[in-house]
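*Asks:*
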Amino acid sequence: MKNVVLSVLLVLLSGWLLAQTPDPAVAASTQTEVADTIPEKQGAMEKAVGKMPGEELKQIFSFSKIFWAIVFFAVGYFVIRFLSRSIETWSEKNAERRIRWKAILPVFKIVSWMIVSYIIIRGIFQPPVESLIALGASVGVAVGFASQDVLKNVFGGFVILIDRPFKVGDKIEVGQVYGEVLDMSLRSTRIHTPDDSVVTLPNGDLLNQPISNANSGESNCQVVAEIYLPITIDTNLVRQIAIEAAQTSRFVYLAKPIVVLFFNDIKHNKLCYKMRLKAYVMDIRYEFQFKSEMTETVLRELLTAGLIDPKISI
Numbered sequence: 034m035k036n037v038v039l040s041v042l043l044v045l046l047s048g049w050l051l052a053q054t055p056d057p058a059v060a061a062s063t064q065t066e067v068a069d070t071i072p073e074k075q076g077a078m079e080k081a082v083g084k085m086p087g088e089e090l091k092q093i094f095s096f097s098k099i100f101w102a103i104v105f106f107a108v109g110y111f112v113i114r115f116l117s118r119s120i121e122t123w124s125e126k127n128a129e130r131r132i133r134w135k136a137i138l139p140v141f142k143i144v145s146w147m148i149v150s151y152i153i154i155r156g157i158f159q160p161p162v163e164s165l166i167a168l169g170a171s172v173g174v175a176v177g178f179a180s181q182d183v184l185k186n187v188f189g190g191f192v193i194l195i196d197r198p199f200k201v202g203d204k205i206e207v208g209q210v211y212g213e214v215l216d217m218s219l220r221s222t223r224i225h226t227p228d229d230s231v232v233t234l235p236n237g238d239l240l241n242q243p244i245s246n247a248n249s250g251e252s253n254c255q256v257v258a259e260i261y262l263p264i265t266i267d268t269n270l271v272r273q274i275a276i277e278a279a280q281t282s283r284f285v286y287l288a289k290p291i292v293v294l295f296f297n298d299i300k301h302n303k304l305c306y307k308m309r310l311k312a313y314v315m316d317i318r319y320e321f322q323f324k325s326e327m328t329e330t331v332l333r334e335l336l337t338a339g340l341i342d343p344k345i346s347i
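Using our numbering, the first residue of the sequence shown is number 34, and each one after it goes up by one.
1) Could you please give the first and the last residue of the uninterrupted beta strand (DSSP E) stretch that includes Y151?
2) CB-CB under 6 Å to P139, same chain, minus the five flanking residues each way: which ones, in chain order?
3) Counting beta carbon pairs with one atom in the segment 223-230 and one in the segment 238-251, are three or more of them shorter than 8 Å?
4) How is the alpha helix (DSSP H) around F105 delimited, first residue to last?
5) Is the separation between the beta-carbon of F191 and that of L219 shorter than 8 Å?
6) For the segment 203-212 against the segment 148-159, do three or more pairs of beta-carbon atoms, one drawn from each stretch, fall closer than 8 Å, so that the two count as touching?
7) Where do the N-terminal and C-terminal ends of the beta strand (DSSP E) with Q12 fall, by residue?
8) Helix, strand or coil: how does DSSP classify V59 here?
9) Which of the three DSSP states is assigned to D349 in this structure?
10) Roughly how many angstroms separate the alpha carbons of F188 and G237, rounded to a whole number?
11) Would you mind sorting Y313 into buried or exposed? The rule is 16 or more other CB atoms within 10 Å of its CB.
12) Report, in whole angstroms, the separation of the C-beta atoms of T337 and A278, which I expect to be a contact under 8 Å.
13) Just reading off the alpha helix (DSSP H) that S23 is part of, what are its end residues?
14) From what residue to what residue does the beta strand (DSSP E) around K135 run?
15) At what residues does the beta strand (DSSP E) containing E206 begin and finish?
16) Which runs of the alpha helix (DSSP H), 4 residues or longer, sit entirely within the segment 215-294?
17) On the DSSP bridge assignment, give the partners of E213 in chain order.
18) Please state the DSSP three-state secondary structure of N297.
19) For a quick check, are the C-beta atoms of I260 and M308 less than 8 Å apart?
20) To the nearest angstrom, how far is the alpha carbon of G339 from that of K204?
21) Relative to the C-alpha of Q255, which candidate in S221, F111, Q322 and L335 has its C-alpha closest?
22) Helix, strand or coil: how does DSSP classify K344 here?
23) Closest by CA to K371, which one among V144, R130 and P263?
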């Protein structure tokens, strides 16, 4: 930088001397000196400019800065991981608390990593704004061409976080996949299915499919038990037995109504009733236990009352 300033001052000083010197011989001599000096200074200036990016990079990415960046990244990673696991463990003690706090976890993780990244870039490395913008544009173009699918999934993750069609802890159905949302990141969503497997769905694919949410952020959800019955059965008595079976279950959520519906259906080439018992479970994680208990209780009471014959299959 000093060489650049000296070159500019030398040029200005030479021009001033030329203007103040009326003698042609002196003027010619001065012009010759200036002509000889300018290329030398220009060469020195070009060398200095050529060295500046390398010097800046050495200053920005010095060993000490890289060391402290790694240290801060590691500390940030363990702090975020510790806080996330602490929130998960604490929220598991209560169903409503679990739904509420787990829904906040994805946003907490993203915001935390954004803060860590900002501190590392602007607080430790401290690159010039112009260089940061140029580097960001170059990296953005390169990444955009190299990983379009990843960017589509990241964009889908932002849309899901803003639109909130579901949250962590919700029971959702996407295509052929049904289960509880375990985790959400910018790239993908993990779902725990009833057969105890974990399915990972890219967020970009979630945007293009209809999503069915069973509980929408609540701890309870509706459970439907279906039972096929003879067409000659007394539906009023069956309805009473079904409602009592749901009401006496340890998993029932009584703040919402219990409904029993009957539909005509054909099973094994026979006309029959399809009874649908709808009730709400107090915790979505007991959905299938509740469904199984209601089905067992209804069938047991129907057999005890002699309303169905176990020897006749439907």
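Ideal Cβ positions, reconstructed from N, Cα and C, are used throughout, including at glycine. None of the values given here were measured: they were computed from a predicted structure.
*Replies:* Let me lay it out:
1) In the DSSP assignment, Y151 falls outside any beta strand (DSSP E) and within the unbroken alpha helix (DSSP H) covering L138 to Y151.
2) Here the set comprises M217.
3) Fewer than three beta-carbon pairs drawn from the segment 238-251 and the segment 223-230 are found closer than 8 Å, and the two stretches are therefore not classed as touching.
4) Going by DSSP, F105 is part of the alpha helix (DSSP H) stretching over F96 to S124.
5) A contact, by the Cβ cut-off of 8 Å.
6) The segment 203-212 is not in contact with the segment 148-159.
7) The requested residue 12 is not part of the displayed model; the chain covers only 34 to 347.
8) Annotation note: pLDDT 38 at V59 (below 50); position unreliable, no value reported.
9) For the chain, the structure presents residues 34 to 347; residue 349 sits outside this window and is missing.
10) Going from the Cα of F188 to the Cα of G237 covers about 7 Å.
11) A buried status is given to Y313, since no fewer than 16 other beta-carbon atoms sit within 10 Å of its beta-carbon.
12) Not quite, the Cβ-Cβ distance comes to about 12 Å (not below 8 Å), so this is no contact.
13) Since the displayed the chain opens at 34 and closes at 347, residue 23 lies outside it and no answer follows.
14) K135 -> not in any beta strand (DSSP E); alpha helix (DSSP H) instead, spanning A128 to K135.
15) For E206, the enclosing beta strand (DSSP E) has its first and last residue at K204 to V207.
16) DSSP assignment within the segment 215-294 yields the following whole alpha helix (DSSP H) runs of 4 residues or more, N-terminal first: 236-239 and 268-280.
17) K204 and H225.
18) Residue state for N297 is assigned as strand, using DSSP reduced to three classes.
19) In this structure, I260 places its C-beta atom within 8 Å of the C-beta atom of M308.
20) Taking the Cα positions, G339 is about 38 Å away from K204.
21) Taking only the C-alpha atoms, the option nearest Q255 is Q322.
22) In this structure, DSSP gives K344 a state outside helix and strand, which the three-state scheme calls coil.
23) Shown here, the chain extends from 34 to 347; a query on residue 371 therefore has no answer.
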